[in-house]
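Peer 1: Below is a structure I'd like to ask you about.
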């Protein structure tokens, strides 16, 4: 039997092959959520654009307020969005949060520290100032948040709502992003039946519903891919070769689940080998042992390159986890993301796992009300109940047992699915 | 000044108002990612449908293998997806992972524990069995994963890829989900300029780009909402009232940012009050103090109800966080999700926060390579740099300082944005 391949080594191998797609496209910020920046975003302005008030109150010169109780005429009113004039000496300006500090003023007084008084010829009244201001107080300085020329977002950043807002704040309404990876999805296995085609009570013995197709497609879409679903692999070798050849011409990645175990009856392995190259790995992870990586050269001119091929195990949980831990980083790297490995955090096990495995295990767990992790009772790879119940996995090293109260490494599904 | 309203109280108040939208719709599993189940999913079948093999190997009767080294003729071959016949006594069946265990067999032997021998009349050969099997070994029992009649997914579950796969595995290709909440998005503030309309070098003094619109829209879409963007609120009272009246007729929620601080110049507050009711809250959270909740009755018959109104603070980080902590749970509850509060987990602060605030603070932080949390240097609410840089927030209680190495509560953006 082949030696088991450590997961980290498998990931590193895959990432050396994941050459980022060269071509970028321009999208509006409204359509850019989840996409990956192809170029740096450089600020052509500073934020805030000028010194502005961080409070509703009054702008003054400190020199005019040497002691509490000073009364100053209010010479102007500066709402947010207006510019204001230079502050006449010996006066105060009524000012609101976000409004630019008028030239000459060097402090803002909160309105809670002031008292508006009636009267004064121009109708703006007077203000009594009940504290002594410190120079610079409640002023947000120009460029304090973003300096002109700063790289606000770097190429390779995966955009989330916060980044969309940040890009907008420097005036960008269009962004250059990596194009969507094009992924062809195949299902394989004579036992598979599509939900909706045969009702449960008419399922023939040995048949099971194809569930992998649904979560793989959804996960690919969440990663920004365009997905073509080729359905179930044809049951003849020549037809399989034709389907793979067609898919390779127009896709960056061909993804399949099932048919990669040793000894499995399947048309896809020999078909990939007939068209290109295929490596069969036995991963040192549980669930999720068998995994295939290959390349199918595109016919056409010499520059047309090759489509990547990945074969996931057929068991749903194995398929789900190998996707999350290997395909997801690969697809993100195709889009230019640098830091693609999922992040684990420390958490407390509120369960015991007394039997170590020689493979690195990914146990489906869920946070409980006490802040610890509970283990799903059935860790079989057969159904997705554990993944639907859980909020993540414990990444448990090979040969490691777990006792209650141990600190373990937790990877959240929220992270693996985003 | 009004007393500050604790965040938990504000959320509880909002959730009492978030009556789930009654109407459901049917979507295919392909289109259901992120939606919320309106009805329980009950399994009409058991998974696995029958006892099956969890290994590639041989099915036998234990009584036929009393000791290691027994040689049995191979009487049939059962790939996954086929049914097999009852196992003839004194024979073994070649069997593959997932294939049904033939009647009469009570154990599976891994192929690694067996040796295929040539010969035998029917061409299937013989097998030498090198270990003594235990009854039931390597057999996945019918219904082990899902029993017939079990509630596999409950009403109120928010669907992710794993749930889509799970639903498919019991044969469901269509799901009943809550309809999408319809949200009208308004921006407010005379200082706002839309990115793309004015280039940075031509911005008038005091003007800033509207960034909130971009992340609010993206966050609403992630929560499954239909969003109508009404742009910037008209600058006349009657026009504002008309726009709000129009929006309330066709939307479940009207969301705006800016214009809810005390003393702010704004048309939206009086317009909401002219049409319905409005409560102005001062939240005991930082950033994010001002918040407004109201209702605008729909004109028409008595049953047409009212649209919800929520006014977020205008500062980008305040707007982002009040959305994540208040609007997100509200919108999920409208769709019938029960457990809507974001989950915090314990983490280690690798920073100090020596100055306590009287408000509960949400500090933008990021995990470092050592597994602790680093603090973003600028915690101002003015720009989203901190939210784009960070991977979450520390939820720090009012009056609490933080020393390096302290355990703090962390909420991941991956959770708040999903």
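Protein chains in written order, with the working numbering: chain X, 17 to 434; chain Z, 17 to 434.
Virtual Cβ for every residue (Gly too), placed ideally from N, Cα, C.
Could you say which of X:120, X:155, X:70, X:143 lies nearest to residue 89 of chain X if we only look at CA atoms?
Peer 2: As a first step, residue 89 of chain X is located in the first chain; it is residue number 73 there, counting from the start. Nearest of X:120, X:155, X:70, X:143 to residue 89 of chain X, Cα basis: X:143.
Peer 1: Using only the alpha-carbon positions, how far apart do residue 84 of chain Z and residue 20 of chain X sit?
Peer 2: Taking the second chain and counting its residues from 1, one reaches residue 84 of chain Z at position 68. Taking the first chain and counting its residues from 1, one reaches residue 20 of chain X at position 4. Between residue 84 of chain Z and residue 20 of chain X, the C-alpha separation is close to 28 Å.
Peer 1: Give me the Cβ distance between residue 140 of chain X and residue 91 of chain X, rounded to the nearest whole Å; I'm assuming they're in contact under 8 Å.
Peer 2: Residue mapping note: residue 140 of chain X aligns to position 124 of the first chain, counting from 1. Residue mapping note: residue 91 of chain X aligns to position 75 of the first chain, counting from 1. Indeed, because the Cβ distance is near 7 Å, the residues count as touching under 8 Å.
Peer 1: For residue 172 of chain Z and chain X, any beta-carbon pair shorter than 9 Å?
Peer 2: Residue 172 of chain Z sits at position 156 when you count from the first residue of the second chain. No, because no Cβ of chain X sits closer than 9 Å to the Cβ of residue 172 of chain Z.
Peer 1: Determine, using beta carbons only, whether residue 300 of chain X and residue 23 of chain X come nearer to each other than 9 Å.
Peer 2: Here residue 300 of chain X refers to the residue found at position 284 of the first chain. Here residue 23 of chain X refers to the residue found at position 7 of the first chain. Cβ atoms of residue 300 of chain X and residue 23 of chain X: closer than 9 Å.
Peer 1: Can you tell me which of X:130, X:261, X:360 puts its alpha carbon nearest to the alpha carbon of residue 431 of chain X?
Peer 2: Locating residue 431 of chain X in the first chain gives position 415, counting from the first residue. The option with the nearest alpha carbon to residue 431 of chain X is X:360.
Peer 1: Residue 159 of chain Z and residue 86 of chain Z - do their beta-carbons sit closer together than 9 Å?
Peer 2: The residue given as residue 86 of chain Z occupies position 70 in the second chain. The residue given as residue 159 of chain Z occupies position 143 in the second chain. Cβ atoms of residue 86 of chain Z and residue 159 of chain Z: not closer than 9 Å.
Peer 1: To the nearest angstrom, how far is the alpha carbon of residue 391 of chain X from that of residue 337 of chain X?
Peer 2: For this step, residue 391 of chain X is matched to residue 375 along the first chain. For this step, residue 337 of chain X is matched to residue 321 along the first chain. Taking the straight line from one Cα to the other gives about 16 Å.
Peer 1: Name the residue from Z:219, Z:196, Z:275 whose alpha carbon lies nearest to the alpha carbon of residue 243 of chain Z.
Peer 2: Along the second chain, one-based indexing puts residue 243 of chain Z at 227. Minimum Cα distance to residue 243 of chain Z is reached at Z:196.
Peer 1: In chain order, what are the residue ranges of uninterrupted beta strand (DSSP E) at least 3 long that sit wholly in the segment 349–396 of chain Z?
Peer 2: Within the segment 349–396 of chain Z, the beta strand (DSSP E) runs of at least 3 residues that lie entirely inside it are, in chain order, 361–364, 376–383, 389–391.
Peer 1: Between the alpha carbons of residue 43 of chain Z and residue 58 of chain X, how many angstroms are there, rounded?
Peer 2: Residue mapping note: residue 43 of chain Z aligns to position 27 of the second chain, counting from 1. Residue mapping note: residue 58 of chain X aligns to position 42 of the first chain, counting from 1. The alpha-carbon of residue 43 of chain Z is positioned some 42 Å away from that of residue 58 of chain X.
Peer 1: Less than 7 Å between C-beta atoms, sequence neighbours within five positions excluded: which residues of the same chain meet that for residue 310 of chain Z?
Peer 2: Residue 310 of chain Z sits at position 294 when you count from the first residue of the second chain. Only 288, 292, 293, 294, 295, 325 meet the Cβ criterion.
Peer 1: Quick check on residue 268 of chain X: buried or exposed, where buried means 16 or more other Cβ atoms within 10 Å of its Cβ?
Peer 2: Indexing the first chain from 1 puts residue 268 of chain X at position 252. With 16 or more other Cβ atoms within 10 Å, it is buried.
Peer 1: If you draw a straight line from the alpha carbon of residue 165 of chain X to that of residue 416 of chain X, how long is it in whole angstroms?
Peer 2: Locating residue 165 of chain X in the first chain gives position 149, where the first residue counts as 1. Locating residue 416 of chain X in the first chain gives position 400, where the first residue counts as 1. Those two C-alpha atoms are separated by around 50 Å.
Peer 1: What did DSSP end up calling residue 228 of chain X once you bin it into helix, strand or coil?
Peer 2: By 1-based counting over the first chain, the position of residue 228 of chain X is 212. Three-state result, residue 228 of chain X: helix.
Peer 1: Please return the same chain residues whose Cβ sits closer than 6 Å to the Cβ of residue 448 of chain X, not counting the five positions on each side in sequence.
Peer 2: Shown here, chain X extends from 17 to 434; a query on residue 448 of chain X therefore has no answer.
Peer 1: Along chain Z, which residues have their Cβ under 7 Å away from the Cβ of residue 98 of chain X?
Peer 2: Locating residue 98 of chain X in the first chain gives position 82, where the first residue counts as 1. Residues of chain Z passing the Cβ test: 222.
Peer 1: Entirely within the segment 188–232 of chain X and at least 3 residues each: give me those beta strand (DSSP E) ranges in chain order.
Peer 2: You should have 190–194, 198–203.
Peer 1: Run through the segment 86–146 of chain Z for me and flag every whole beta strand (DSSP E) of 3 or more residues, listed as ranges in chain order.
Peer 2: 86–94, 108–111, 123–126, 130–133, 142–145
Peer 1: Is the segment 246–265 of chain X in contact with the segment 199–209 of chain X, if contact means three or more CB pairs nearer than 8 Å?
Peer 2: Contact holds between the segment 246–265 of chain X and the segment 199–209 of chain X, because three or more Cβ pairs, one in each stretch, are under 8 Å apart.
Peer 1: With distances taken Cα to Cα, identify the nearest neighbour of residue 66 of chain Z among Z:34, Z:53, Z:116.
Peer 2: Residue 66 of chain Z sits at position 50 when you count from the first residue of the second chain. For residue 66 of chain Z, the closest C-alpha among the options Z:34, Z:53, Z:116 is that of Z:116.
Peer 1: Check whether the Cβ atoms of residue 161 of chain X and residue 399 of chain Z lie closer than 9 Å to each other.
Peer 2: By 1-based counting over the first chain, the position of residue 161 of chain X is 145. By 1-based counting over the second chain, the position of residue 399 of chain Z is 383. The answer is yes: Cβ separation under 9 Å.
Peer 1: Residue 113 of chain Z and residue 69 of chain Z: beta carbons closer than 9 Å?
Peer 2: The residue given as residue 113 of chain Z occupies position 97 in the second chain. The residue given as residue 69 of chain Z occupies position 53 in the second chain. Cβ atoms of residue 113 of chain Z and residue 69 of chain Z: closer than 9 Å.
Peer 1: Looking at C-alpha atoms only, which residue of Z:303, Z:38, Z:168, Z:233 is the closest neighbour of residue 46 of chain X?
Peer 2: Locating residue 46 of chain X in the first chain gives position 30, counting from the first residue. Of the candidates Z:303, Z:38, Z:168, Z:233, the one whose C-alpha sits nearest the C-alpha of residue 46 of chain X is Z:233.
Peer 1: Kindly list the residues whose CB is nearer than 6 Å to the CB of residue 340 of chain Z, restricted to its own chain and excluding five residues on each side of it in sequence; keep chain order.
Peer 2: As a working mapping, residue 340 of chain Z is identified with position 324 in the second chain. These residues qualify, in order along the chain: 432.
Peer 1: Run through DSSP, which three-state label would residue 272 of chain Z get?
Peer 2: Walking along the second chain from the start, residue 272 of chain Z turns up at place 256. Note: residue 272 of chain Z maps to strand in three-state DSSP.
Peer 1: Please indicate yes or no: does the CB of residue 341 of chain Z lie closer than 8 Å to some heavy atom of the ligand FMN?
Peer 2: No copy of the ligand FMN occurs in the structure displayed, which carries no ligand at all.
Peer 1: For residue 188 of chain Z, return the contacting residues in chain B, with the cut-off set at a CB-CB distance below 7 Å.
Peer 2: Structure shown: chain B not included; protein chains present are X and Z.
Peer 1: Assign residue 370 of chain Z to one of two classes, buried (16 or more other C-beta atoms within 10 Å of its C-beta) or exposed (fewer than that).
Peer 2: Taking the second chain and counting its residues from 1, the one referred to as residue 370 of chain Z is at position 354. Per the 10 Å Cβ criterion, exposed.
Peer 1: Taking only beta carbons into account, state which residues of the segment 60–87 of chain X come closer than 7 Å to chain Z, listed in chain order.
Peer 2: In summary, the residues of the segment 60–87 of chain X whose CB is separated from some CB of chain Z by less than 7 Å are 60, 61, 63, 64, 65, 66, 72, in the order they occur in the chain.
Peer 1: In three-state terms, what does DSSP make of residue 257 of chain X?
Peer 2: Along the first chain, read from residue 1 onward, the residue named residue 257 of chain X stands at position 241. Helix.
Peer 1: Between which two residues does the alpha helix (DSSP H) harbouring residue 336 of chain X extend?
Peer 2: Indexing the first chain from 1 puts residue 336 of chain X at position 320. Element bounds for residue 336 of chain X: 332–338.
Peer 1: Tell me residue 235 of chain Z's beta-bridge partners as DSSP assigns them.
Peer 2: The residue given as residue 235 of chain Z occupies position 219 in the second chain. Residue 235 of chain Z is not bridged to any residue.
Peer 1: Run through the DSSP bridge pairs and tell me what residue 301 of chain X is partnered with.
Peer 2: Residue 301 of chain X sits at position 285 when you count from the first residue of the first chain. Partner(s): X:376.
Peer 1: Per DSSP, what kind of secondary structure is residue 156 of chain Z in: helix, strand or coil?
Peer 2: Position 140 of the second chain, counted from the first residue, corresponds to residue 156 of chain Z. Reduced to three states, the DSSP call for residue 156 of chain Z is strand.
Peer 1: Residue 353 of chain Z and residue 241 of chain Z - do their beta-carbons sit closer together than 9 Å?
Peer 2: Indexing the second chain from 1 puts residue 241 of chain Z at position 225. Indexing the second chain from 1 puts residue 353 of chain Z at position 337. No, Cβ-Cβ distance for residue 241 of chain Z and residue 353 of chain Z is not below 9 Å.
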